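**Student:** For the sequence shown, the numbering used here begins at 1057 and goes up steadily by one.
Glycine included, each C-beta is placed from N, C-alpha and C at the ideal position.
Small disclaimer: the values here were computed from a predicted structure and weren't measured.
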Amino acid sequence: MAVFNAGEFRKGIKVIFEDGPFEMMSCEFVKPGKGQALYRTRLRNLLSGTILDRTYRSGDSLEAADIRNSDGMYSYFDGSNYVFMDNESFEQASLAADVCGDQMRYIKDGSPCQLMYWNDKLIGITPPKHIVLEITFTEPAARGNTATNVTKPATVETGAEVRVPSFIDIGEKIKIDTETGEYLGRSN
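1. Run the CB neighbour count on Ser-1222, radius 10 Å, all protein chains shown included, and call it buried at 16 or more, exposed below.
2. Could you please give me the residues that DSSP links to Ser-1104 through a beta bridge?
3. Does the distance from the C-beta atom of Ala-1149 to that of Leu-1178 stay below 7 Å?
4. Rounded to whole angstroms, what's the CA-CA distance from Glu-1195 to Val-1206? Just pull it up for me.
5. Taking the alpha helix (DSSP H) that Ala-1153 falls in, what are its first and last residues?
6. Identify, in the order they occur along the chain, each residue of the same chain with its Cβ nearer than 8 Å to the Cβ of Arg-1113, setting aside the five sequence neighbours on each side.
7. If you count every other CB in all the chains shown that lies within 10 Å of the CB of Leu-1189, and 16 or more means buried, which is it?
8. Please go through the same chain and pick out, in chain order, the residues whose beta-carbon is closer than 6 Å to the beta-carbon of Glu-1084, but skip the five residues on each side of it.
9. Going by the DSSP bridge assignment, what does Met-1160 pair with across the sheet?
10. Determine the direct distance from the alpha carbon of Pro-1183 to that of Met-1160, and round the result to whole angstroms.
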């Protein structure tokens, strides 16, 4: 198994810590006036999402996690789990709704996703950065509010609510940032 020495620590690497997979969110090199160099790290558990702060000395090392990413597609929600299909093996895997969290509110059936596996078990997904959805409900624009930067709530086809400019109507397709939920513009 591969090992990361403290000098190789950087943001984004996946390591094994306390028998679980963690992602290094940040790594700061600290050289005190005397003594050994230190590496202050922030680790996020890929299974539970908890964040830990740990300090390592220059001779320390961590085992690399066997994380595999694969292209996939969101298939359906079975009532308690989201089901995804791996585009390479065509196998289906599911994730509990609490593991997926808010990132699924803009994802519709058939949307592409990045699937993250640890020891051949699906542990997480990354939705596409932007997605195009259709407006299913919004109030009509108020007369005179078109000249300024006025927004109004709109419901998209997945049931999520987005703030959109006042000129957007029901049936229009809009582009949304899946991380922030921001309206990015109209789409064809």
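**Tutor:** Answer, in terms of the structure:
1. Taking the first residue of the sequence shown as position 1, residue 1222 is located at position 166. For Ser-1222, the number of other beta carbons within 10 angstroms of its own is at least 16, and it is reported as buried.
2. If you number the sequence shown from 1, residue 1104 lands on position 48. Ser-1104 is not bridged to any residue.
3. Sequence index remark: in the sequence shown, residue 1149 carries index 93 (1-based). Sequence index remark: in the sequence shown, residue 1178 carries index 122 (1-based). Yes, the Cβ-Cβ distance between Ala-1149 and Leu-1178 is below 7 Å.
4. As a position in the sequence shown, residue 1195 is number 139, starting the count at 1. As a position in the sequence shown, residue 1206 is number 150, starting the count at 1. So the alpha carbons of these two residues sit roughly 13 Å apart.
5. Mapped onto the sequence shown, residue 1153 falls at position 97. Note, Ala-1153: alpha helix (DSSP H), 1153-1156.
6. To locate residue 1113, count along the sequence shown from 1; it is residue 57. Cβ within range, chain order: Ala-1062, Gln-1092, Ala-1093, Leu-1094 and Tyr-1095.
7. Your numbering for residue 1189 matches position 133 in the sequence shown. By the 10 Å Cβ count, Leu-1189 comes out buried.
8. On the sequence shown, position 28 is the one that residue 1084 refers to. Cβ within range, chain order: Arg-1096.
9. For the purposes of this step, residue 1160 is taken as residue 104 along the sequence shown, with counting starting at 1. Partner residues in a beta bridge of Met-1160, as assigned by DSSP, do not exist.
10. Locating residue 1160 in the sequence shown gives position 104, counting from the first residue. Locating residue 1183 in the sequence shown gives position 127, counting from the first residue. The alpha-carbon atoms of Met-1160 and Pro-1183 are separated by roughly 8 Å.
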